[in-house]
Ligand SMILES: [Ca+2]
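Residue numbers (the numbering used here): 269 to 787.
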């Protein structure tokens, strides 16, 4: 089984694909689906490929995962990666992105393996907590790996390993990531336009300097005198928004699906102001609390570069979802436990002040030292909207964002999409990109909305069959994995408007009773 591996390894990948297409007489080279996970493991275990010594072992089918060969390797000095090679390979490769500051290998989505992809993921070059940027202060090479280098570096080895395992290179390669993984997705589109045939960027953290600066501004407002937001105050805001806007999408379902109609004038958050502006209890907002809302909803722009900016968040009516404001913004009343605070804090300490004892709320580089921002932007910002090289190489890009995302603003993704349209033109934007909005969905997943959609199949049909996606289907699954309700997944700026029978709870659960509608 292993005897003919060495000569194959010397054949260029393109020639190998050609041989495979012509049909070889060797049993090992009859194309995808003919190599079992065990055979793939046998071919990789103990081998050094792309500079990485691989260990490989078969993992039996369990739960949603089919049988696969689990491959682990490390590219020096510290880039750990994992591959999962399924029994019934579909001939394609799936690269799954990370989250936060990475530091561990994320699990590959079961759906990718289930659909037969050879899957790969990495820790992006350092080990640690996803909430810690310590590596960026202590190891500038690790910072480069995190910023943009890990994906092309791992891909080089992964493509060789797939070739060694299955006897042919992947026919297609896709990247999907959310949050920082969405940033990695756009970084690949912008800097390595030939690396992937298709890319899914979900809730992308594309403007690292701008969004961290906005996190810092929000945190300072919350940390200021009288700025803290209790759960009751958060519920007060959410209830007012729902009261003003829930029905504007045709159904009072607890989700504001038509955000364009939910204007500041309609919400009139100022009507919640406590008498005199000082806090008099849970039924009103003090002036410092209204300042928090103002920081949240207005754009942030910082000196130094036109890319140092972030679009404000919309008020959604679901601020009080546990995965929304309590988790990301308010910390349930203690801002220092909120994720926006924690991310900006480790960013200031390790990228900007380069001092682990720095007080992020007192040392504010976005206003005091914008020169400190340039290096972080060069490392992490995926702000280049001119993606013509990617489009001209045939690449397809799907953007997706949950509209109740309290980590990263969907308006920021809309701003990037607008920048792309300006840079590449309306025709290329329509031909090669899609932007989907999921109302009521939190950061990457969760929330009251339909947070599940098969974007990977849509992308694959687009790339392999030129079948461009239009309206897709979104589902909300219950704990057992059954569909609780469904919605059409509409392209921005359309929203799913209820067009079914009134006062019919069963009808309200079905995507067929909604129509994607322009605001
Ligand atoms: Ca509604």
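No residue lacks a Cβ here, since even glycine has one placed at the ideal position from N, Cα and C. All values derive from a computational prediction rather than experimental measurement.
Say yes only if the C-beta of residue i is nearer than 7 Å to one or more non-hydrogen atoms of ligand 1, and no if none qualify.
i	result
residue 514	yes
residue 511	no
residue 520	yes
residue 523	yes
residue 589	no
residue 517	yes
For the alpha helix (DSSP H) that contains residue i, what are its first and last residues?
i	result
residue 408	408-412
residue 499	499-513
residue 523	It is not in any alpha helix (DSSP H) - residue 523 carries neither H nor E in the DSSP assignment.
residue 490	476-491
residue 656	656-660
residue 783	No alpha helix (DSSP H) holds residue 783; the beta strand (DSSP E) holding it covers 782-785.
residue 563	555-565
residue 424	418-434
residue 616	Element bounds for residue 616: n/a, residue is neither H nor E.
residue 386	That residue, residue 386, is in no alpha helix (DSSP H); its beta strand (DSSP E) goes 386-390.
residue 635	633-636
residue 647	639-648
Where does residue i land, buried or exposed, given buried means 16+ other C-beta within 10 angstroms?
i	result
residue 452	buried
residue 574	exposed
residue 462	exposed
residue 585	buried
residue 748	exposed
residue 350	buried
residue 639	exposed
residue 395	exposed
residue 781	buried
Could you check which residue in the options has the C-alpha nearest to that of residue i?
i	options	result
residue 548	719, 501, 532, 357	501
residue 759	587, 678, 640	678
residue 385	480, 370, 525, 364	364
residue 491	418, 614, 597, 374	597
residue 402	348, 313, 622, 716	622
residue 475	753, 422, 685	685
residue 533	616, 582, 378, 321	582
residue 427	320, 620, 590	320
residue 486	557, 338, 389	557
residue 723	750, 468, 497, 304	468
residue 555	522, 495, 613, 517	495
residue 587	510, 570, 652, 613	510
residue 460	634, 656, 590, 570	656
residue 731	323, 439, 400	439
residue 757	653, 429, 737	737
residue 763	577, 643, 517	517
What is the DSSP secondary structure of residue i, counted as helix, strand or coil?
i	result
residue 725	helix
residue 622	coil
residue 341	strand
residue 704	strand
residue 744	strand
residue 764	strand
residue 315	coil
residue 778	coil
residue 330	strand
residue 578	strand
residue 665	strand
residue 688	helix
residue 568	strand
residue 397	coil
residue 262	Because the chain in this structure spans residues 269 to 787, residue 262 falls outside the shown range and cannot be described.
residue 605	helix
residue 549	coil
residue 670	strand
residue 376	coil
residue 437	coil
residue 304	coil
residue 336	strand
residue 404	helix
residue 720	strand
residue 320	strand
Where do the N-terminal and C-terminal ends of the beta strand (DSSP E) with residue i fall, by residue?
i	result
residue 441	440-446
residue 758	751-759
residue 361	360-364
residue 350	347-354
residue 327	323-327
residue 470	466-470
Between residue i and ligand 3, is the CB less than 7 Å from at least one heavy atom?
i	result
residue 319	As presented, the structure is devoid of ligand 3, carrying ligand 1 as its sole ligands.
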